[in-house]
Every structure is written in C-alpha cells, then in structure tokens.
Amino acid sequence: MKQKLWIAAALIFPFVLLATGGNAGYDTKAPISASPGGDTTQPTRGKNSFSLPAANINRDQLRIFFFGNKLFNTNWVIAPASVKSLDGLGPTFNRVSCSGCHLRDGRGQPPTEKGGEFLSMLVRLSIPGENEHGGPNPHPAYGDQLNDRAITTIPAEGRVIIEHTEIRGQFADGTPYSLFQPDYHFADLAFGSLEPEIMYSPRVAPAVFGLGLLEAISEEDLEALADPEDADGDGISGRINHVWDQGEKALRTGRFGWKSNAASLLHQNAAAAAGDIGITTNLFPDQNCPEKQNACRQASLGDSPELSDEFLDKMTLYTQTLAVPARRHAEDPDVLAGEALFRDIGCAACHIPTFVTGNHPTLSILANQTIHPFTDLLLHDMGDELADGRPDYEATGREWRTAPLWGIGLVEAVNKHTRFLHDGRARSIEEAILWHGGEAEKAKESYRNLMASERGQLLAFLNSL
Ligand code: HEC
Ligand code: HEC
Ligand SMILES: [Ca+2]
Ligand SMILES: [Ca+2]
Ligand SMILES: [Ca+2]
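So, in structure tokens, the structure goes:
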C-alpha cells in the first residue's frame, strides 16, 4: 500500500508542477495580444506585410538586413559572369532566387492551371533506407529533390503534374463543401523511371517571417510540450524531430520545414541555396549532382563556395529578423468569440498560442519576447489523407509539424491566393481545417459540428492573425 502511494506521488508530482505553470515558457490560456511577434511586431502594410524588419532592430543589424534582403531577391546567373560573388546557378535548380518561391517573403502555391509548371513549390525525393545521419536516403539518379530546371547545357531532371479529384462532404448542419484531393505524376524524366521504390513529398514554400523567434523558443519548452506516448491521454502526441545540423555537425531539435526537418536557419538557408538554386556554401560545398549525373558534375563552374560565409550569414540574419505583422480587429466581438472556440474545440492543443522566447544564439533582440506563433514545432500524425508516406529523420510518412498560424489572415493580401497546407491543396483556411485527421480528427469533427455562425467566428479569429 505504502509503495503504491509513493508511485502515485511520483507520477502526479511532475504534472502538478506543469499545471501550476512552473517555469514553462508557453501558455494555452493567456489572452492573445495584438502584437504576435512581441517587440518585433510591425503594423501591416498591404502586400509588404511580411517584408518589414523587426521593429526593435538596431542600426547595424538593419544594414545587414537590407543586404540580406538583396541576396534573398538576387537572380543567380550561370558562372562565369561579371559579378563573381553572385554566379554559380545550377547546374540543376528549381528557381533562380529565394524570392522566386518565397514571393514577398510569403508562401508559395501549386500551379493554378492543370499541368502548369511549378513556380513556388518543389518535390522532395528519397528511396527506402537512411543516409549517414539518419535522414532521407537520396535517389541515386535524382538525389533528394526533383530539380525541374537546369542550365542550358544539361537536362532538367523532370517535372511533376498535379491532377485533382473532388471529394464531397457536409457540415453537421447539412451545408455541403468540397475538397480538392491532389494526385501527382512524374513526366519528362531524364534519367529513367523513379518507380517502383521512390518516396516523394510535394511541398509549397512557407512564409519566412518570425522565424528567428521560433529559433529562440527554448528547448525545455519543446521537451515539456512533447508527449510521444500520449501519457496524458488526450489523443495528441507531439514528437520532437531530431535532425542533422550541418553548422553544428550534430543532431538537433528540428524547427523548420513542413516536417521540422531543419534545426537552424543557417542550415536551412544553406540547404536551400544548394538544393533549390544550385549554389554551394562552405556548409554544403558539393554541387547538387547525384552520382549518376555525369554531365551535371562536369558542368559546375562557379567559384567554391559560390555563396561566401559572410553572405550566408547576412542572408540568415535577414530570415531571422523579418517582423511578424500585427493583428487586425483583435477586439472585434466575433474575433474574441472565435478565439474562445479555437481553445474549446482543441485547436490550441497543437497550435500553442503563447510562448516567451528564451535566448537566441546570436540576436538578443529576439530573447524574452512574448509571442503568439500558434505552433508547438512538434510532429503530429495527421491521418492517411495528408500522409506523404516519406519519412524525414524521425518524422514518419504521416507526421507533419504543426504549421504556425501567425499572419495567416494576410496571405491573400501578400500573395494573392489562399492555398494552405504542406502541398497547397486547401483552397481556403476552412478547407485546411477540413483536411485535418489523425490526432486532429477530434478537433476537425468539432469544427464540422459547429453552427455556421460559430464557424464564421472561428474563421474571423484566424483571419485576424
Ligand atoms: C523552389 C522553391 C524554393 C526556393 C527557390 C527556396 N525555397 Fe525556401 N522553402 C521552400 C520549401 C518547399 C520549403 C519547405 C521545405 C521542407 O519542408 O522541407 C522552404 C523552407 C524554407 C525555410 C523554412 C521556413 C519555415 O517556416 O520552416 C526558410 C528559412 C527558407 N526556405 C529560406 C530560403 C532561402 C534563404 C532560399 C534561397 C537561398 C530559399 N528558401 C529558396 C521552397 C523554396
Ligand atoms: C494534432 C495537432 C493539431 C490540431 C489539434 C489542429 N491542428 Fe491545425 N495543423 C496541424 C498540422 C500538423 C498542420 C500542418 C498539416 C499539413 O500541412 O499537412 C496544421 C495546419 C493547419 C492550418 C494550415 C496552415 C498552413 O500554413 O497551411 C490551419 C489553418 C490550421 N491547421 C488550423 C487549425 C484549426 C482551426 C484547428 C482546430 C479546429 C486545428 N488546426 C487543429 C496540427 C493540428
Ligand atoms: Ca552551382
Ligand atoms: Ca535532384
Ligand atoms: Ca497527449
């Protein structure tokens, strides 16, 4: 009997600590302010709402920010060119600039016409097995990403065509809705079939503001939020993705990418330069030419590295200090009612509203900020329909990082579209909710069961972010 009591006390004690707050830097109940980026928050400015420097940036940092902005918008050219510091495009690539996909620092979308070319999304590839760091195993002929463009002297790898099937459903009150289920086909493959063993993952470019604040969320908070075995029995089991960081040369907690498959912005940016544009850095010094692509290897002409450490650091500060835009209509009664519904029906269990950031590794302006990103940066099983079937480090083929929701109501103003989720299949915020499954099935069902007026309030809240 005595022993049982001890066990019970040992089990309950940690929960009491958590429930009473302890030192936790996150909160699911605190009211949500109009400044989701803390002191970095900037007023909205139409289509430039994602492109402003953090409001608390200092003058030296601002100079670097503007230079980083230039690099982010640079159209890289084939080497050798007259400006040596900005050549080395390809040999294969997806776009010639970062902003080609992250248009106005915002998000990409699938092609708008049937069979249209990819302008702001890409397809990751791998075959079964793991690479030397436990990450995705690249395809011997196509690598870890389908590069749908190339310099003139060599072939592009191929392209992807999207087709849609319409799925019909209805809300509990009988109102009908329809969803677009995408179906992907490879075409014009230059190095033979990708079947039978290829695993692929189509992903749109996410927006790039507020990311330094996500980098400053403390490790302890993410560990406290993670519940891999669902010990508290709420049906939600967030997991940390441990991923190789090429800057630290170690496994680190993943925070960026649709599967939390990158741990730092330095790594993410250098990987994007190599994989998306064909630009080498000291972090990734090899040209993006898989073993079977001889012409690719012979075509690499840029200086090594094509992007210097100094420029990579400046580009990284840029992606760390893009401001989070202020909320609109935060005090509107419908928005406040929607905020209450967001918590009541379980959205806030994954889309964690509030964190106080810890220290940032390089930028003190990002430390100790009360922020509202609406993510736990953790992996969740989102069900069969959203599954890509392609593991990414510890993320399974059914798991995705909780997408941050800050700024989501401004996507239309900035990017002139409302395509959501990892592959942009959702045509509206509401469709994104209706695709939720797996651990989020219960919250999705609760949404489907709301009255039309309540659904409107929840959407008014999301549009105020
Ligand atoms: C071909 C389109 C494309 C280009 C070009 C591109 N990106 Fe991206 N970017 C993406 C996609 C897709 C993701 C999500 C990646 C994933 O889930 O693995 C991403 C993710 C990111 C992220 C993480 C965002 C987040 O919310 O986690 C950053 C930062 C980033 N890119 C920076 C850059 C930089 C810097 C460049 C230029 C060197 C660049 N990107 C070029 C498509 C692109
Ligand atoms: C179990 C965790 C979980 C719960 C609960 C949850 N979400 Fe999500 N949410 C996610 C994940 C993971 C994604 C990314 C999925 C993807 O891209 O395939 C996401 C994506 C979204 C998106 C699209 C964001 C974007 O950038 O494209 C919206 C909007 C959203 N959720 C709203 C909600 C709302 C509203 C609720 C409550 C009804 C909710 N979510 C409940 C985990 C969750
Ligand atoms: Ca190159
Ligand atoms: Ca490739
Ligand atoms: Ca749980």
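Sequence positions in the sequence shown follow mature numbering (1 follows the signal peptide of the UniProt record, and there is no 0) and run -24 to -1, 1 to 441. For glycine and all other residues, C-beta sits at the position ideal for the given N, C-alpha and C.
Assigned exposure category for residue i - 16 Cβ within 10 Å defines buried
{"i": "Arg71", "result": "buried"}
{"i": "Val311", "result": "buried"}
{"i": "Phe42", "result": "exposed"}
{"i": "Leu342", "result": "buried"}
{"i": "Pro380", "result": "buried"}
{"i": "Asp221", "result": "buried"}
{"i": "His161", "result": "exposed"}
{"i": "Thr151", "result": "exposed"}
{"i": "Glu282", "result": "buried"}
{"i": "Asp360", "result": "exposed"}
{"i": "Thr129", "result": "exposed"}
{"i": "Ala163", "result": "exposed"}
{"i": "Ser177", "result": "buried"}
{"i": "residue 450", "result": "Beyond the ends of the chain as shown, which are -24 and 441, falls residue 450; an answer cannot be given."}
{"i": "Lys90", "result": "exposed"}
{"i": "Arg374", "result": "buried"}
{"i": "Ala436", "result": "buried"}
{"i": "Pro204", "result": "exposed"}
{"i": "Gln274", "result": "exposed"}
Helix, strand or coil at residue i according to DSSP, with G and I counted as helix
{"i": "Phe156", "result": "strand"}
{"i": "Phe43", "result": "helix"}
{"i": "Val311", "result": "helix"}
{"i": "Asn439", "result": "helix"}
{"i": "Thr292", "result": "helix"}
{"i": "Gly432", "result": "helix"}
{"i": "Ala126", "result": "strand"}
{"i": "Tyr2", "result": "strand"}
{"i": "Ser422", "result": "helix"}
{"i": "Val59", "result": "coil"}
{"i": "Glu106", "result": "strand"}
{"i": "Val136", "result": "strand"}
{"i": "Ile143", "result": "strand"}
{"i": "Leu355", "result": "strand"}
{"i": "Gly344", "result": "Note on residue identity: the sequence assigns Asn, not Gly, to residue 344. In this structure, Asn344 counts as coil in the three-state DSSP scheme."}
{"i": "residue 442", "result": "Since the first residue shown for the chain is -24 and the last is 441, residue 442 is missing from the structure and cannot be characterised."}
{"i": "residue 451", "result": "Lying before the first or after the last residue shown, residue 451 is absent from the chain, which here runs from -24 to 441."}
{"i": "Val184", "result": "coil"}
{"i": "Asp368", "result": "strand"}
Distance between residue j and residue i (C-alpha atoms, nearest Å)
{"i": "Gly1", "j": "Ile193", "result": "8 Å"}
{"i": "Ile212", "j": "His356", "result": "8 Å"}
{"i": "Leu242", "j": "Met427", "result": "45 Å"}
{"i": "Thr68", "j": "Cys265", "result": "8 Å"}
{"i": "Arg395", "j": "Glu315", "result": "22 Å"}
{"i": "Glu196", "j": "Ala202", "result": "10 Å"}
{"i": "Gly400", "j": "Trp382", "result": "17 Å"}
{"i": "Ala117", "j": "Thr256", "result": "20 Å"}
{"i": "Arg424", "j": "Ser440", "result": "21 Å"}
{"i": "Ile409", "j": "Ala363", "result": "15 Å"}
{"i": "Gly168", "j": "Lys268", "result": "11 Å"}
{"i": "Ala371", "j": "Pro19", "result": "36 Å"}
{"i": "Gln121", "j": "Gly254", "result": "12 Å"}
{"i": "Glu199", "j": "Pro56", "result": "48 Å"}
{"i": "His327", "j": "Ala419", "result": "12 Å"}
{"i": "Val59", "j": "Trp52", "result": "10 Å"}
{"i": "Ile127", "j": "Ala271", "result": "11 Å"}
{"i": "Thr351", "j": "Arg100", "result": "23 Å"}
{"i": "Gln37", "j": "Ser9", "result": "26 Å"}
{"i": "Pro131", "j": "Pro261", "result": "22 Å"}
{"i": "Gly334", "j": "Arg135", "result": "42 Å"}
Cβ-Cβ distance between residue i and residue j below 7 Å
{"i": "Leu354", "j": "Arg179", "result": "no"}
{"i": "Ala302", "j": "Ser11", "result": "yes"}
{"i": "Arg83", "j": "Ala226", "result": "no"}
{"i": "Pro112", "j": "Ser102", "result": "yes"}
{"i": "His393", "j": "Gln85", "result": "yes"}
{"i": "Trp234", "j": "His412", "result": "no"}
{"i": "Ala31", "j": "Thr16", "result": "yes"}
{"i": "Phe185", "j": "Phe26", "result": "yes"}
{"i": "residue 443", "j": "Gly44", "result": "For the chain, the structure presents residues -24 to 441; residue 443 sits outside this window and is missing."}
{"i": "Leu277", "j": "Glu430", "result": "no"}
{"i": "Gly251", "j": "Ala239", "result": "no"}
{"i": "Asn258", "j": "Asp279", "result": "no"}
For residue j and residue i, believed in contact at Cβ under 8 Å, the rounded distance
{"i": "Asp159", "j": "Glu139", "result": "5 Å"}
{"i": "Leu187", "j": "Asn245", "result": "Not confirmed; about 10 Å, so no contact."}
{"i": "Ser422", "j": "Ile321", "result": "4 Å"}
{"i": "Leu298", "j": "Asp81", "result": "6 Å"}
{"i": "Ile384", "j": "Leu339", "result": "So it is not a contact: roughly 25 Å between Cβ atoms."}
{"i": "Ser61", "j": "Cys77", "result": "Not really, about 22 Å apart at Cβ, beyond 8 Å."}
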